[in-house]
Every structure is written in structure tokens, then in C-alpha cells.
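Engineer: First, the structure itself, so that you have it in front of you.
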Amino acid sequence: MNRKVATARLSIISNVILILSKLGVGIITGSVSIISEMIHSTMDLLAALIAFFAVKISDVPPDKDHPYGHGKYENISGVTEAILIFIASIWIIYEAVKKIISHEQVESIGIGFIVMVFSAVVNFIVSRKLYKVAKETDSIALEADALHLKVDVYTSLGVAVGLLIIWLTGLNFLDPVVAILVAIFILRESFILLKKAYKPLLDSPLENNEISIIEGILATHYVKYHNLRTRRAGNYKFVDFHLEMSENLSVKESHDICDTLESEIQNAIKNSEVTIHVECECIQK
21 MNRKVATARL
31 SIISNVILIL
41 SKLGVGIITG
51 SVSIISEMIH
61 STMDLLAALI
71 AFFAVKISDV
81 PPDKDHPYGH
91 GKYENISGVT
101 EAILIFIASI
111 WIIYEAVKKI
121 ISHEQVESIG
131 IGFIVMVFSA
141 VVNFIVSRKL
151 YKVAKETDSI
161 ALEADALHLK
171 VDVYTSLGVA
181 VGLLIIWLTG
191 LNFLDPVVAI
201 LVAIFILRES
211 FILLKKAYKP
221 LLDSPLENNE
231 ISIIEGILAT
241 HYVKYHNLRT
251 RRAGNYKFVD
261 FHLEMSENLS
271 VKESHDICDT
281 LESEIQNAIK
291 NSEVTIHVEC
301 ECIQK
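Shown next, in the form of C-alpha cells:
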């Protein structure tokens with residue numbers, strides 16, 4: 021099975037387990053902060069499902085309708101996940117405000133604390149796995165999913181600490197306050213994810229360090245070039261430029277130079293596709 025697909029499936033399974041745990045405990049305790057975490061995990065599950073299908077589709081080879089491949093499905097999934105996170109945070113704030121107004125008490129704090137710590141541990145383990153595979157495969161969909169779970173680690177621990185303080189002090193108003201803080205943290209997460217996932221949809225260039233690597237390779241061969249352009253779609257990266265060649269070179273010699281440049285760039289920039297437009301140097305004079 022594809023590593024990205026298998027890892028995305030792991031995220032789905034873990035989120036289902038945590039949602040059921042938080043839902044049950046949230047109902048028992050009446051804690052809006054735990055309910056907010058359940059909503060957060062539900063968004064994580066939706067994100068995991070989106071990431072699962074995105075990584076499956078993104079690796080489908082180019083076809084007649086998608087000659088540049090299907091990589092941007094990962095970016096679309098990232099944008100969708102960011103929107104879902106934003107919606108979840110607004111809902112959490114709404115529920116927290118209602119809780120403040122109603123002055124409801126939190127019950128069975130001990131079991132709520134245990135579930136929140138359990139959730140943080142599970143999400144920490146799964147998010148590390150997701151980040152590892154995302155880095156190795158350069159997958160924006162898995163990275164987005166890992167980011168969700170990483171934030172869930174912090175928010176779950178925050179809720180656990182809040183429940184502990186309520187148990188020690190009896191200050192029940194802290195429960196919705198913690199929920200609102202969780203929501204604000206999630207809002208920040210959605211903005212970061214949206215910015216990262218949306219840029220490639222506009223065909224923004226590769227990162228500066230990657231462009232520097234390409235320019236460095238071209239410089240080592242002392243070739244003349246212009247119109248260097250780069251873009252990415254999911255984990256696929258596209259590079260093209262115009263290469264000025266002497267009119268005295270044969271077609272084979274020009275072809276060999278292009279093959280060398282393409283090979284070195286593709287070895288240096290993972291998942292890259294290089295297109296070189298050869299021009300006669302005399303045209304530029």
C-alpha cells in the first residue's frame with residue numbers, strides 16, 4: 021500500500037477513537053471545553069478523510085484531462101481543511117459563550133482529565149508519524165493533517181490543565197474560558213494552513229532555497245539561461261527555463277547538456293520535472 025495512503029488511514033482511525041471518547045466524556049461531565057475538543061477532533065477526522073482521498077488522487081499519473089498530473093488536489097484539500105478548522109473555532113466560541121451565560125457546573129472532572137491526557141498522547145504519536153511521512157514524501161495534505169493533530173495535542177493538554185484547576189479551585193467559569201482560548205489557537209492554525217495550501221494554487225514559485233539550488237547547478241556548468249520559472253502542485257515541482265546554446269554545437273551535444281542539467285536538478289529537488297527550451301545563442305545577440 022502507498023505509504024501516504026496508509027499513514028492518512030492511521031489518522032482516520034485515531035480520530036474516530038478520540039471523537040467517541042470525548043463525546044462520551046463531554047456528555048457525562050457537561051464540560052464545554054471537552055465538547056470543544058470533540059468538535060476539534062471531528063474537524064480533524066474530516067481533514068483526515070480529505071487528506072486520505074487527496075493523497076490517493078494526487079499520485080495518479082498525468083492523463084488527457086490532467087496533463088500536469090493531479091498534485092493540486094493536495095492543495096485543494098489543505099484549503100478545505102483550513103476552512104473547516106475556522107468553522108469549528110467559531111462554533112466552539114459560540115458554545116463557550118452560552119456556557120458562561122448559563123453558569124452550568126462541570127461534573128466528573130477526573131474522567132475528563134484522563135481522557136484529555138490520553139487524547140494528547142495519542143495525537144502526539146500519530147502527528148509525529150504524519151510529519152515524518154509528510155517530510156519524506158513532500159505531501160502538503162499529510163503535513164496539514166499533522167498540523168491539526170499537533171494543535172490538538174496542545175489544546176487537549178490545555179483543557180486537561182483547565183479541568184485540574186477547576187477541580188482544585190471550584191472555579192467552573194474557567195471551563196468555557198479555556199474553550200475560547202482553544203478556539204483562538206485553532207483560528208491561528210487555520211490561517212497558517214490556508215496561507216500555505218493556497219499559494220501553490222496561484223502557481224507561486226518554489227521556496228527561495230530551492231530556487232537558489234537550481235541557480236547554483238546552472239552556475240556550475242557556466243551556461244547562459246533566462247526566464248527561469250518554477251511552481252508546485254501538491255508534492256510535485258515544475259521547473260522550466262530557456263537555455264542559450266552556441267550555434268556551433270550539434271543537436272546531440274545540446275541534448276546531452278540538457279540531460280545533464282535535468283538529471284542534476286531532479287536529484288537535488290525531489291519530485292521535480294524540468295523542461296528546458298533550447299535557443300541559439302545568436303538569437304540573443
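So the working numbering is basically just the index in the sequence shown, starting at one, shifted up by 20. Beta carbons: idealized from backbone N, C-alpha and C, even for Gly.
(1) Tell me the residue span of the beta strand (DSSP E) that contains Asp195.
(2) Sort out for me which residues DSSP pairs Ile296 with in a bridge.
(3) Could you tell me the alpha carbon to alpha carbon distance between Ser122 and Tyr174, rounded to whole angstroms?
(4) Return the CA-CA distance between Asn291 and Cys278, expressed in angstroms with no decimal places.
(5) With a cut-off of 8 Å on the beta carbons, I'd call Gly132 and Thr62 a contact; round off their distance for me.
(6) Checking 7 Å against the spacing of the C-beta atoms, do Ala199 and Ser53 come in under that value?
(7) Are the segment 229-241 and the segment 175-190 touching by the rule of at least three beta carbon pairs closer than 8 Å?
(8) Are there 16 or more other CB atoms within 10 angstroms of the CB of Asn268, so buried, or fewer, so exposed?
(9) What are the residues that DSSP puts in a beta bridge with Lys149?
(10) Measure from the alpha carbon of Ser51 to the alpha carbon of each residue in Asn192, Glu101 and Ser97, then state which is nearest.
(11) Under 7 Å between the Cβ atoms of Glu282 and Val294?
(12) Please report the straight-line C-alpha distance between Leu201 and Phe73, rounded to a whole angstrom.
(13) How would you write the range of the beta strand (DSSP E) that Lys118 sits in, first residue to last?
(14) With C-beta atoms as the reference, is Asp165 less than 7 Å away from Ala71?
(15) Could you give the residue range of the alpha helix (DSSP H) that holds His241?
(16) By alpha-carbon positions, which one of Asn35, Asp85 and Val99 ends up nearest to Leu214?
Structural biologist: Taking the definition as stated:
(1) For Asp195, no beta strand (DSSP E) encloses it; the enclosing alpha helix (DSSP H) starts and ends at Leu194 to Tyr218.
(2) In the DSSP output, where bridge partners are listed per residue, Ile296 has Phe261.
(3) Cα to Cα, Ser122 sits roughly 27 Å from Tyr174.
(4) Rounded to whole angstroms, Asn291 to Cys278 spans 18 Å at the Cα level.
(5) Thr62 and Gly132 do not touch by the CB rule: their CB atoms are close to 18 Å apart, not below 8 Å.
(6) In this structure, Ser53 lies closer than 7 Å to Ala199 by Cβ.
(7) Put simply, the segment 229-241 does not touch the segment 175-190. Fewer than three CB pairs are less than 8 Å apart.
(8) By the neighbour-count rule (16 or more Cβ atoms within 10 Å), Asn268 is not buried but exposed.
(9) The secondary-structure analysis by DSSP pairs Lys149 with nothing; it has no beta-bridge partner.
(10) Considering only alpha carbons, the answer is Asn192.
(11) Closer than 7 Å, so yes.
(12) Put simply, the backbone Cα of Leu201 is about 31 Å away from that of Phe73.
(13) Premise fails: Lys118 lies in the alpha helix (DSSP H), Lys92 to Ser122, not in any beta strand (DSSP E).
(14) Going by C-beta atoms, Asp165 is nearer than 7 Å to Ala71.
(15) It is not in any alpha helix (DSSP H) - His241 carries neither H nor E in the DSSP assignment.
(16) Looking at Asn35, Asp85 and Val99, the one whose alpha-carbon comes closest to that of Leu214 is Val99.
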